[in-house]
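Participant:
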C-alpha cells in the first residue's frame with residue numbers, strides 16, 4: 001500500500017468514527033505505535049495521543065464506530081490491486097486472549113491455552129475472537145484482516161464465522177476459496193458457504209464420518225438416505241479412489257495425493273464434499 005493510498009484509507013477510517021472520532025483515532029495510533037504500553041493510562045501518555053487522559057476513557061465509553069463502513073473500507077483497500085477475475089483465498093479462525101486476572105471484565109469465558117507444561121491445565125479465563133483474513137499470494141506470516149469479532153460466551157465460533165462471511169462475501173467481487181481448520185467441518189458451516197457460492201478447503205479429522213451416495217438394494221421400505229461409510233481412521237472404508245497423483249517433495253520423498261468425490265455429511269446431505277488424502281513418505285512423527 002503506497003503512501004497516498006494509506007492517507008486515503010486513514011481518512012476513510014476516521015470518517016467511519018461517528019462519535020468521539022478524534023480521540024478514537026488518536027487511540028488507534030497510540031495502540032499501533034506504543035508496543036510497550038501495558039494500560040490505558042500509559043497509552044494516554046503516548047505522543048500520538050494528543051488529548052488529556054480523560055478523553056481516552058470518554059472515547060471508549062461514548063464513541064461510536066460504523067462497523068459496516070469500516071469493513072467496506074478494508075475490503076476495498078486490501079483487494080484494490082487484485083484483478084476481479086483472480087481467485088482470492090481467505091481464512092477464518094478463532095484465537096484466544098487469556099484474561100485470568102480481569103475479574104471485572106465483561107463476558108469472560110473458559111478458553112483453551114496451548115503450549116503449557118504438562119502439569120498445568122490447558123484452560124484459562126478470557127475472550128475468544130473470530131478473524132477472517134486475506135491470505136497473501138506468496139507464503140508469508142503477514143495477512144490482511146478483513147473482519148474480526150468477539151465470540152461471546154453465548155455464541156459458538158461457527159456462528160460468528162458464518163455471520164462474518166455473510167457480511168464480507170457480498171463485498172468481494174472475486175472468486176473465493178475459504179480455508180479453515182478441522183473444527184469448521186460442520187453441516188452449518190458447509191451449507192452456509194455453499195449458499196454464499198464459495199469453495200471451501202477444510203482440514204478433516206481422521207475419524208470424521210462421511211457417506212457415499214445412497215444405493216437402494218431393495219424395493220421394500222423407505223429408500224436409504226446415506227450410502228457406505230467413509231472414515232479416514234478406518235482403512236477398510238476408503239476404497240474406490242477416484243484419482244491419484246504421485247510426486248516428490250523437496251527432500252526427494254514420495255508424496256501421494258488421492259481424491260474421493262460425491263461424499264456428504266449426514267447433517268447436510270445436500271452439500272457434496274470432495275476429500276483429498278495426502279501421504280508423504282517418512283512423515284510419521286516428523287515435525288515437518
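Numbering (the UniProt record's numbering), first residue to last: 1 to 288.
Backbone N, C-alpha and C define an ideal beta-carbon position, used for all residues, glycine too.
All values reported here derive from a predicted model rather than from experimental measurement.
#1: Near residue 78, which residues of its chain fall below 6 Å by C-beta distance, leaving aside the five closest residues on each side in sequence?
#2: Please report how far the alpha carbon of residue 92 lies from the alpha carbon of residue 239, in whole angstroms.
#3: Given a threshold of 16 other Cβ atoms within 10 Å of its Cβ, counted over all protein chains shown, does residue 102 qualify as buried or as exposed?
#4: What residues in its chain sit with their C-beta under 6 Å from that of residue 55, if we drop five residues either side in the sequence?
#5: At which residues does the alpha helix (DSSP H) containing residue 278 begin and terminate?
#6: Measuring alpha carbon to alpha carbon, tell me which residue in 210, 3, 138 and 132 is nearest residue 147.
#7: Between the alpha carbons of residue 251 and residue 242, how many angstroms are there, rounded?
#8: For residue 184, count neighbouring Cβ atoms within 10 angstroms of its own Cβ and tell me buried if that reaches 16, exposed if not.
#9: Tell me, please, whether the CB atom of residue 46 is closer than 7 Å to any CB atom in chain D?
#10: Can you give me the Cβ contacts of residue 29 inside the same chain, cut-off strictly under 7 Å, excluding the 5 residues immediately before and after it?
#11: Does residue 29 come out as helix, strand or coil in the three-state DSSP assignment?
#12: Rounded to whole angstroms, what is the Cα-Cα separation between residue 187 and residue 161?
#13: Excluding the five sequence neighbours on either side, which residues of its own chain have a C-beta within less than 6 Å of the C-beta of residue 249, listed in chain order?
#14: Which value, in whole angstroms, describes the spacing of the CA atoms of residue 43 and residue 13?
#15: Could you name the residues that DSSP lists as bridge partners for residue 148?
#16: Taking only the alpha-carbon atoms, compute the straight-line gap between residue 198 and residue 174 and give it to the nearest angstrom.
#17: Can residue 11 be considered in contact with the ligand MN, in the sense that its beta carbon sits closer than 6 Å to one or more heavy atoms?
Facilitator: The short version:
#1: 134 and 144
#2: 31 Å
#3: exposed
#4: Spatial neighbours of residue 55 in its own chain (CB-CB distance under 6 Å, excluding positions within 5 residues in sequence) are listed in chain order as 23.
#5: From DSSP, residue 278 is part of no alpha helix (DSSP H) but of the beta strand (DSSP E) over 268-280.
#6: 132
#7: 27 Å
#8: buried
#9: No chain D appears in the structure shown, which is made up of a single protein chain.
#10: 48
#11: helix
#12: 13 Å
#13: Same-chain partners within the cutoff: 255.
#14: 20 Å
#15: 131
#16: Distance between the alpha carbons of residue 198 and residue 174: 10 Å.
#17: Ligands are entirely absent from the displayed structure, and the ligand MN is therefore not among its contents.
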